[in-house]
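In the working numbering, the protein residues as written are 1333 to 1462.
Notes to accompany the following structure.
Pasting the structure below:
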């Protein structure tokens, strides 16, 4: 197994734990820090490591499998799959806008200006190009 992903769970967050797992793994997948062929911890292993119910991890893995990121089958290793990145369809764009609205609201509540948000987003997109 490759180095297990470091996932930090905030039990006090309004974001459900399974969503926190999905978001953190998806970020690593998009960045390429979890490359195709990488083996992830089993559902039970990750659940024990995080101190959460195994169904929470199973749901997160299932979500990423449905998005085409993971190969998850009972009794086999969980692996990152080789994936062609499809053009974003309407559902993906809607989900992106919803998540972006939430992030912008959190940043604005923390005192970030629209100009700073714009610069940060542009810089992040540039770094993630490759």
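Ideal Cβ positions, reconstructed from N, Cα and C, are used throughout, including at glycine.
Predicted model only: the values in this text are computed from it and were never measured.
Three-state secondary structure (DSSP) of residue i
i            : result
residue 1411 : strand
residue 1333 : Any reading at residue 1333 must be qualified, since the residue scores a pLDDT of 46, below 50, and its modelled position is unreliable; no value is offered.
residue 1381 : helix
residue 1432 : helix
residue 1403 : strand
residue 1343 : coil
residue 1366 : coil
Cβ-Cβ distance between residue i and residue j below 8 Å
i            : j            : result
residue 1380 : residue 1400 : no
residue 1371 : residue 1389 : no
residue 1456 : residue 1436 : no
residue 1357 : residue 1366 : yes
residue 1460 : residue 1362 : yes
Other residues of its chain near residue i: CB distance less than 8 Å, five sequence neighbours each side excluded
i            : result
residue 1343 : 1349
residue 1355 : 1347
residue 1391 : 1350
Same chain, Cβ closer than 6 Å to residue i, neighbours up to 5 away in sequence not counted
i            : result
residue 1333 : Any reading at residue 1333 needs caution, since the residue's pLDDT is 46, under 50, leaving its predicted position unreliable; the model's value is listed next. For residue 1333, where only same-chain residues beyond five positions count, the Cβ hits under 6 Å are 1371.
Sequence-distant residues of its chain with Cβ nearer than 7 Å to residue i (five each side left out)
i            : result
residue 1369 : 1411, 1412
residue 1404 : 1393, 1394, 1397, 1410
Contact belief for residue i with residue j at Cβ below 8 Å, rounded distance in angstroms
i            : j            : result
residue 1382 : residue 1341 : 5 Å
So does the segment 1387 to 1406 actually touch the segment 1343 to 1351, counting three or more Cβ pairs closer than 8 Å? Counting C-beta pairs closer than 8 Å gives three or more between the segment 1387 to 1406 and the segment 1343 to 1351, which meets the contact rule.
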